[in-house]
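Those protein sequence lines, which keep their order, are chains A and B.
Under our numbering, residues 1 to 749 are what the first sequence spells out, in order.
Under our numbering, residues 1 to 749 are what the second sequence spells out, in order.
Comments concern the structure below.
2 protein chains.
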Amino acid sequence: MLNKIFTITLIAFFAMTLAYVAQAKEHPRLILTKEGVEQIRENLGKVPLFDASVEKIKAEVDKEIQMGIDTPIPKDFSGGYTHFRHKQNFIIAQQAGALYQILEDEKYAKYVRDMLFQYEAMYKNLPVHPQVRSYAPGKLFWQCLNDSNWLVYMAQAYDTIYDYLSSEERQTLEDNLFRPFADYISLANPQFYNRIHNHSTWGNAAVGMIGLVMDDQALIQRALYGIEDDGLAVGGVDDDGGTIKAADQKRGFLANLEQPFSPDGYYTEGPYYQRYAMYPFLIFATAMHNTYPEYGVLEHKDNVLLKAIDALLNLTDADGDFFPLNDGQKGMSYFTPALITTVNIGYYYGQQDPKLLSVAQKQGEVLLDQTGLAIALDLEANKAVPFTKQSVNLSDGALGDEGGVAVLRSGNEELTAVFKYAAQGLSHGHYDKLSYSLYRQGEEVLQDYGLVRFVNIGQKGGGNYLKENTTWAKSTISHNTLSQDQSIHFGGDYQTGSQHHSDFYFYADENPQVQVASAKETNAYPGTEMHRTVALIKPSDADEPFMLDIMKVDAQGTHDYDLPFYYFGQIIQTNFAYTRPPTQEPLGNKNGYQHLYLEASGSPSSDTTQFSWLNKGKFYTLSTLTHDEDNIMLTRIGANDPEFNLRNEPGFMLRRPNTQDTVFVSIVEPHGSYSPVTELSLNSNSSIASINLMHDSDAYTGVEIVGVNGESQIFIVANLDAQANSEHTLNVNGQEYKWTGPYWYANAE
Amino acid sequence: MLNKIFTITLIAFFAMTLAYVAQAKEHPRLILTKEGVEQIRENLGKVPLFDASVEKIKAEVDKEIQMGIDTPIPKDFSGGYTHFRHKQNFIIAQQAGALYQILEDEKYAKYVRDMLFQYEAMYKNLPVHPQVRSYAPGKLFWQCLNDSNWLVYMAQAYDTIYDYLSSEERQTLEDNLFRPFADYISLANPQFYNRIHNHSTWGNAAVGMIGLVMDDQALIQRALYGIEDDGLAVGGVDDDGGTIKAADQKRGFLANLEQPFSPDGYYTEGPYYQRYAMYPFLIFATAMHNTYPEYGVLEHKDNVLLKAIDALLNLTDADGDFFPLNDGQKGMSYFTPALITTVNIGYYYGQQDPKLLSVAQKQGEVLLDQTGLAIALDLEANKAVPFTKQSVNLSDGALGDEGGVAVLRSGNEELTAVFKYAAQGLSHGHYDKLSYSLYRQGEEVLQDYGLVRFVNIGQKGGGNYLKENTTWAKSTISHNTLSQDQSIHFGGDYQTGSQHHSDFYFYADENPQVQVASAKETNAYPGTEMHRTVALIKPSDADEPFMLDIMKVDAQGTHDYDLPFYYFGQIIQTNFAYTRPPTQEPLGNKNGYQHLYLEASGSPSSDTTQFSWLNKGKFYTLSTLTHDEDNIMLTRIGANDPEFNLRNEPGFMLRRPNTQDTVFVSIVEPHGSYSPVTELSLNSNSSIASINLMHDSDAYTGVEIVGVNGESQIFIVANLDAQANSEHTLNVNGQEYKWTGPYWYANAE
């Protein structure tokens, strides 16, 4: 009996081993798996969203097949035809391969094969791309980055038609195309391949993906761990000023996974680049999971890739647009194809979070693999629950100790404050310590400018970063944060900025009526400490929430401080007088100030300066504490912009001259509405009568907010002790305030 | 037998007469009729859209009843509380009255009664409104116009609760409130009441409506025919500079119906004011129809009111927004409540056009009367057909001989050109002869600026017209038309402008591939003839249509010509070099030029100057014929605007200096697309290679449009003979063109 069991166990063991070996040798094996293909074929015609996705992609691919294959000699930058065509080719080839597996129609396999052989014929003798603007020029594209994109997709396409090809055909493709291609973007370009950067992630994944199809252990190792001896000197910068090689720099896919992601899944470059990097991260990690699960790549660093999916989806406004932190193109959203991959893989290989199903439903399309099938099946089974976003605080830094980003949300994204107190964010980082942006549902109230680049629009500098990205978008004054003496944080020096980060002070989102994030920055301006506390407050009797912003400054010596608020829309009312100069001149000649026209200037006529505007049917009022000597400036972006690369958008700026320590207290408040259809103007006035700084010391800053209804609210922050269980007592004008924790808030008696 | 028939006939005749007399004395009788109420009660709960409208209005009215009645002492301008409250009161009272009839719940009748008695108590001793800015101040509101609004609605409210009141109550209301109210806005303010103007239409309708409820023949006659001896001298102007009394001026409702409407139903002030005026026109005409049909008011002037409904709905973009011709607030659309009335009455009393049903469906609400019920019933019966708009040419002037407005539409509103060659348009008219605006679906491509006013936003000049409305919005240079020597058409003189109009030349929309409108203007600049021809062209092999614009100028002596194009978005490419001055200065000091900043200037480097921009994901290119001496200016609105009343929007301007006769030929072309989500930039280049002026003489102007694909199109317009059957022969470079009619178009051989 025992013997029999042993025998059966042994047989089972061998069977499993054989199955495993067989599986590892079967194709497709990377993303779409043999087993996945079988499930899909069984369910075809039965799962509406999946079937619709097949139909949609089939229509696209059929149209391309109809047009014929074109693999033009590389010539153009992004935005030009050859760039577009090669990019389109790898996307369509990957899709055609999936269709071949699903529909078993040979025309798709033939299409991929023919295209690969056209590339094979061309690649053998292909020189480096003629547009040599990149620190790492590619061959098909102007940079190795895009060549890597090509290989990540083409590896999948090759995987799906692997069994369709003869071994001679495979040999030819591998010898003449895939191995030389992988070597070119890695061995020939270590300055591209061996970095800690999203470029390298793409490069590593590309080499790894093709390595997995071919089961080439050398390439797989090179993907995971980089090139051991790259011969590069420490130092060097890329086209964006990013470091190529730091001292003791790690390398390879795993290092790129460890370094830029915080334990919370925040990617240090910001959501726009995270969206871009997620694809190679997830695709190669998934391919490793499907072929060599023993490496644990998908689960590496305590499942950080799966956490990153959550973090990324949380870094969106109510419309699904990513917050444009650092270099980020506005309008990029979770409707981008890379996010379909992200959501599908995140659902399947993660915890099957039913909230992801409703994102997938909005996306309206799934991947043509087992992950997409799973989503479509579970949507059909009505398992989706709404994707409601809560406030979230995400740490930055590999260890989670380099500041972070807090997203405060009031109501169902009725008001969202995005408070950035992060690290530099590599070469795409902006010099905007303690800045924030504010959203009302899907509308920007106070903007983060984003990047200065017309991605893929060739007429605008080849679709690449424009010089105003550096001179304006990265500058401090272009952000809703404090500039000192009209200078840039860290003097605008990337190396210095990269050594520092803001410090988390506290975060509290338990009370939906008062949610607070607070952080400090001590390095941006040496000798000056900035401590900013941002709160979203919705008193129980109020129609709408507002944002309270306390910026406390401790400095050595006196300085000029500028605090801008970049709003949108038309000015409705001010409680200060201003004058408009007859001509518009730039506000300065450097550090971003050269890009601002001064449209008007004035002086406060009240301790609480108020400024109201109307945008898209909503009124807003900024109320801010002002001193008699303060200057109020109304600005407009667009000066010194010889090629009209900037958007012509307005700002309100408070300038406090010649001051040492000070506190800025501001409230931004949406109110009322205006409709051009009914012509009704409702609640067009602020509900705030005044702000009083009732106390300010090293230890405490207390603010009284007086409403036009006569009622007051009081907010006190403890400046030196953020412990949740610390007890505080503060006496102000005979009134004693006692509380526990870093802040106190209440309606006044 | 004969006798019997006679007897029956006689009885029937008496019965009808009795019924008629009974009907005429019954209440409600104006808009909602006794018979209508019965139909409604029978159908209640059975017609979804009608029931939903009842529920929506019931919710609003119930909320107001809950809040209690407030009739504050008048104090504020529009935008202030007392203005808002009295306006809200008459709207809610009219709705409450309808609910009383429909639901037979006395609380609604009581609410209206109580409100009316509060007004009765206040009105007796009410002085003229304290804000005396109007040429005709009201009592409840700052102008008689708003007082008239009040009475138009309150007459309906009174009508619905007439039978609920005791005769003593009626006597009190009529003696102390309604008759003095009607007399105040008419006899006491003939300068308001006796004009040809939308103000008077409201006044006439108000007096007439209350006259009909009370069956007061004197008031009814005063409404229809005005005040015979008004004691006013010829001349005088209102707040907007509009004439109060012209020589031989007609007066009263019927005259106001005859004068401003053209036989096509175009209202000379433009769609924004037509939308406003339609309500009193239709409401009083309908009330007359329901009480004294023998006057034929609703059918007056060959059913012009019903034609006007069609005309008005055709003066909208694809989103239903009215074209902001003359003074018009952008965003006003057929979703405004007045248009629900318009569509409902137009459907019921007109031809039951099933296209109106689909507009009503979009509006999502119907009137609570027999017209609304009819719409809801027919929608339920699936009678709706889509409201697809065609090209249309609408004459202006009481006799239809004072120019007009042509709306050319290509495809399903894929591209829409609104070409204005109308009369002055009364006091709300702009000095923009032969101007146009261009739309792509619901998006503005080349804008008409509209008005400078924040309607009902008290903080902006009391919600009234701002001075920049005169200095900018009415000026010639603020429009997409020709300015000569930096001056305004007619020297900006209203009296002169009012004596003239542009002249229709020809209009041809039979061929969907080439639709053309052409008109001439000889008075705007004495001695100069401007002849503009606007064509929407969609060659059969083209993806998208484009607009061709030929402006031919014949002048005495030499002049500087400015031709602006007010686009939106960001500049993508130009084929000319330009420089941006370090500071932005105003382009001039008067005639609207003082409001333009010069952002950049350049010179043509090609005979065909091209300028491309990107707006909301769509590329556009302007290609325009230029001379070497031309200047190209890039401008921005907003100079000399001390209170930020203007929108900061860009313009491209072609300046041709020191020229006598000349031709401007321009093409505006949407192409391709850009998506920040996919980051795909498609067809970002113009499809036009060049424009050639192949012939220009007094008799003919011929243009060759050469595509980047090498193919040419030729368009020739006959300048002196617009007869449809005239035959033309033109020889150009040995090629003979023969055709019939005012223009010729073809792809070249």
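Backbone N, C-alpha and C define an ideal beta-carbon position, used for all residues, glycine too.
Coil, strand or helix - residue i by DSSP
i      : result
B/M332 : coil
B/Q579 : This sequence places Thr at residue 579 of chain B; Gln is not what is there. Correct three-state label for B/T579: strand.
B/S472 : A small correction: the amino acid at residue 472 of chain B is Trp; Ser does not occupy that position in the sequence shown. B/W472 falls in the helix class under three-state DSSP.
B/N747 : strand
B/S437 : strand
A/F750 : Only positions 1 to 749 of chain A appear in this structure, which leaves residue 750 of chain A out of reach.
B/G450 : coil
B/E521 : strand
A/K792 : There is simply no residue 792 of chain A to check, as chain A begins at 1 and stops at 749 in what is shown.
A/E727 : strand
A/G710 : coil
Proximity test, Cβ basis, 9 angstroms: residue i and chain A
i      : result
B/D641 : yes
B/Q459 : yes
B/R636 : yes
B/N685 : yes
B/G588 : no
B/G138 : no
B/L30  : no
B/L614 : yes
B/V708 : no
Endpoints, alpha helix (DSSP H) assigned at residue i
i      : result
A/H83  : Y81 to L103
B/V304 : H300 to N314
A/I185 : R179 to I185
B/F284 : P271 to T291
A/V61  : P48 to M67
A/L116 : E106 to Y123
A/G815 : The question about residue 815 of chain A has no answer here: the residues shown for chain A are numbered 1 through 749.
Endpoints, the beta strand (DSSP E) within which residue i is located
i      : result
B/G411 : Careful: B/G411 lies outside any beta strand (DSSP E) and carries neither H nor E.
B/N631 : N631 to I637
A/P670 : T662 to H671
A/D147 : A/D147 -> not in any beta strand (DSSP E); alpha helix (DSSP H) instead, spanning C144 to I161.
Any C-beta of chain B under 9 angstroms from that of residue i
i      : result
A/A600 : yes
A/T583 : yes
A/Y566 : no
A/M332 : yes
A/T608 : no
A/T82  : no
A/F13  : Residue placement at A/F13 is poorly supported in this model, since its pLDDT is 46, which falls under 50; the coordinates still yield a value, given next. Judged by the 9 angstroms Cβ criterion, A/F13 is not in contact with chain B.
A/F77  : no
A/S675 : yes
Any beta strand (DSSP E) of 3 or more consecutive residues that is wholly inside the segment 332 to 380 of chain B
none
Three or more C-beta pairs under 8 angstroms: does that hold for the segment 218 to 228 of chain A against the segment 246 to 256 of chain A?
yes
I'd like to know if the segment 331 to 339 of chain A and the segment 676 to 696 of chain B are in contact, where contact means that at least 3 CB-CB pairs between them fall below 8 angstroms.
yes
Does the structure place the segment 563 to 582 of chain B close enough to the segment 593 to 613 of chain B that three or more beta carbon pairs sit under 8 angstroms?
yes
Give a yes or no on contact between the segment 235 to 245 of chain B and the segment 287 to 295 of chain B, applying the rule of three or more CB pairs nearer than 8 angstroms.
no
Are at least three pairs of beta-carbons, each pair with one atom in the segment 87 to 98 of chain B and one in the segment 470 to 477 of chain B, less than 8 angstroms apart?
no
Is the segment 393 to 406 of chain B in contact with the segment 366 to 385 of chain B, if contact means three or more CB pairs nearer than 8 angstroms?
no
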